[in-house]
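Visitor: Take 1 as the starting number for the sequence shown in UniProt numbering and just add one per residue.
One structure coming up, written as C-alpha cells, with questions to follow.
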Amino acid sequence: MRIEDKLSARTQFMHANVTREILKVVGQPGMISLAGGIPAPESFPIDIIRDLTNEVLDEFGPAALQYDQTEGFTPLRMALMDYMPTRGVVNVNLDTLNIFSGSQSTLDLISKVLITPGDTIAIEAPSYLGAISAFNAYQPTYVSIATDENGMIPEALEETLKTQTIKFIYLVPTFQNPTGRTLSLERRKRVAELLQQYDVLLVEDDPYSALRYSGEALPPIQQFAPDHVIYSSTFSKILSPGLRLGFCVAPAPLARWLAIAKQGSDLHTQTLGQAIAALYLRGGYLTDHLPNIIALYRPRLESMLNALANYMPEGFTWSHPEGGMFLWLAGPEGLDTDVLYQECVARGVAFVPGRYFYYDYSQGLNTMRLNFTMVSPAVVDKAVKILAETAQDTLITD
Ligand SMILES: Cc1ncc(COP(=O)(O)O)c(C=O)c1O
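And the structure:
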C-alpha cells in the first residue's frame with residue numbers, strides 16, 4: 001500500500017520540527033549543546049516530587065488515577081486561581097481556566113477552534129517554531145510584524161490591523177523563544193489598546209516569565225485586555241516538562257470551546273501529574289524551589305554574556321535577556337549560519353541556525369539561537385570560545 005496516497009491534504013502543511021531533528025544529531029557523546037530548549041535536569045525537584053507522589057496517593061487515593069474532568073483536576077485549578085494572580089493574570093476562575101497537556105497542546109487546541117484554512121495569523125519574526133507547527137496543520141497564512149530589540153513594534157502591528165483581517169496575533173512577550181527579548185511595559189499597554197480598538201484576539205504564550213534573573217517583573221498583556229487575550233503558560237520550566245502540564249486562561253466562551261476541542265483529542269490531561277502540581281503549588285514548594293532554578297541559570301546567562309563580549313569577532317550583535325533560556329546572535333550580512341553550524345558541530349558545539357524560526361526559512365540566514373541553561377558556566381565559556389573561533393574562520397574563508 002502507498003501510504004502517501006492515503007494521507008489527508010492537511011499533512012502537506014505539516015513538517016517535522018527542525019530543532020527536534022537537530023537535537024537528535026547533537027545528542028552525540030562529547031557534543032556541547034547550545035541547541036536545546038530544555039530545562040537542566042538538575043533543576044527538577046526530584047525529592048519533592050517523590051514526597052508529593054506519596055502525599056497525592058494519601059490525599060486523593062484512586063481519584064488521582066481515575067478519568068477526570070476535561071477542564072482539569074479541580075484541586076489544581078483551585079491552586080492556579082491563587083497562583084496566577086501573583087503573576088499578574090486576571091479573571092482566573094473556573095469558567096476561564098483550563099489545564100492542557102503542555103502549552104504545546106494549548107496551541108494546537110487554539111488552532112483547532114480558531115483557524116479556518118486561509119485565515120491570517122500575525123506573528124513576530126522570528127517566532128517560536130513549535131507554534132508555527134501547531135498552526136500549520138490548520139492551514140493559515142501568516143503576516144510577520146516587525147520587531148526590534150524591545151520585541152514587536154506596535155506601530156507595525158497597527159499598520160497590519162488597519163489593512164488586513166487578522167484571526168489572531170501570536171506573541172511570546174517575555175524572554176521570547178528564540179530571541180530572549182521582552183516587550184516593554186509601554187508596548188504591552190499599547191498592544192492591549194490595539195486589541196480592543198481593532199477587536200482582535202491575542203494568544204499570549206508565556207512559558208518563561210517566572211525565570212527572571214534580573215530587572216523588574218512585567219505584567220502580562222492579558223491584564224490590560226482580558227476579553228481579547230488567551231493567556232497560556234506551563235509547568236514545564238518551573239517543575240518538569242515530562243509531566244506535560246499547561247494552563248490557559250481565555251475569555252469564558254472560548255475556554256468552553258477549547259475544552260470541547262480537547263474532549264476529542266485526549267479527554268483530559270493526565271490526573272496524577274495534575275495532582276502532584278496541585279500540591280506543588282498549594283504546599284508552597286514552587287515558592288521554595290523557584291529560587292533554586294533561578295540560582296542555577298543566572299550564572300549560566302552571565303557566563304554567556306561575558307564570553308560573547310570577550311570572544312566574538314567584530315560584526316556580531318546579540319540580545320541581552322534578563323531571564324528565560326535563550327539568547328539571539330546575529331552575524332554580519334552574508335554569514336550563513338547553516339554553514340557555521342556544520343563547522344561548529346565538527347568542533348563539538350551545536351546551536352540552532354536562526355532561519356528555522358521564520359515560517360518560510362528564507363530570513364535570518366545570519367542569525368542563530370543559543371541556549372544557556374543546559375551547561376555549566378565554565379562549559380558555556382568554552383562553547384562560546386569555540387563558536388567565536390569557528391565564526392572567525394568561517395568569515396575569513398568566505
Ligand atoms: C514559547 C513556547 N511555547 C510553548 C512551548 C511548549 O512548552 P510545553 O508544551 O512544554 O508547555 C515552548 C517550549 O519550549 C516554548 O518555548
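C-beta: ideal position from N, C-alpha, C; glycine also.
Could you check how far apart the C-beta atoms of residue 230 and residue 250 are, in whole angstroms? I think they sit under 8 Å.
Guide: That pair is a contact at about 4 Å.
Visitor: Would you grab the beta carbon distance between residue 102 and residue 267 for me? Rounded to a whole angstrom, and I think it's under 8 Å.
Guide: Not a contact, Cβ separation roughly 16 Å.
Visitor: Could you please give me the residues that DSSP links to residue 353 through a beta bridge?
Guide: Residue 353 pairs with 368.
Visitor: Using beta-carbon positions only, say whether residue 351 and residue 330 come within less than 8 Å of one another.
Guide: Not in contact: residue 351 and residue 330 (Cβ atoms no closer than 8 Å).
Visitor: Name the one or two DSSP bridge partners that residue 142 has.
Guide: Bridge partners of residue 142: 121.
Visitor: Less than 8 Å between CB atoms is the rule here; does residue 292 satisfy it with respect to chain B?
Guide: Protein chains in the displayed structure number just one, and chain B is not present.
Visitor: Between 215, 163 and 195, which lies nearest to residue 171 when the distance is taken from Cα to Cα?
Guide: For residue 171, the nearest C-alpha among the options comes from 195.
Visitor: With H, G and I counted as helix, E and B as strand and the rest as coil, what does DSSP make of residue 147?
Guide: Residue 147: strand per DSSP, three-state reduction.
Visitor: Tell me the DSSP secondary structure of residue 31 in three-state form.
Guide: Three-state result, residue 31: coil.
Visitor: In chain order, what residues of the same chain lie with their CB nearer than 6 Å to the CB of residue 128, ignoring the 5 residues before and after it?
Guide: Contacts found: 172 and 177.
Visitor: What does the alpha-carbon distance come out to for the pair residue 252 and residue 388?
Guide: Each residue's Cα considered, the two are about 50 Å apart.
Visitor: Considering Cα atoms alone, identify which of 34, 135, 218 and 236 is closest to residue 108.
Guide: The candidate whose alpha carbon is nearest that of residue 108 is 135.
Visitor: Just to confirm before moving on: does the CB-CB distance between residue 142 and residue 115 stay below 8 Å?
Guide: Result no, Cβ atoms of residue 142 and residue 115 do not sit closer than 8 Å.
Visitor: Have a look at the DSSP bridge pairing and note the partners of residue 182.
Guide: In the DSSP output, where bridge partners are listed per residue, residue 182 has none listed.
Visitor: Can you name, in chain order, every residue of its own chain whose Cβ lies under 8 Å from the Cβ of residue 339, other than the five neighbours on each side?
Guide: Closer than 8 Å at the Cβ level, and outside the excluded window around residue 339, lie 394.
Visitor: Is it right to say residue 221 is buried, meaning 16 or more other beta carbons lie within 10 angstroms of its own, or is it exposed?
Guide: Looking at its Cβ environment, which holds 16 or more other Cβ atoms inside 10 Å, residue 221 is buried.
Visitor: Among 353, 344 and 324, which residue has its Cα nearest to the Cα of residue 337?
Guide: Closest by alpha carbon: 353.
Visitor: Report the residue from 232, 319, 239 and 285 whose alpha carbon sits nearest the alpha carbon of residue 273.
Guide: Considering only alpha carbons, the answer is 239.
Visitor: Would you report the Cα separation of residue 307 and residue 381, rounded to the nearest angstrom?
Guide: If you take the alpha carbons of residue 307 and residue 381, they lie about 5 Å apart.
Visitor: In angstroms with no decimal places, state the Cα-to-Cα distance between residue 185 and residue 355.
Guide: Between residue 185 and residue 355, the C-alpha separation is close to 28 Å.
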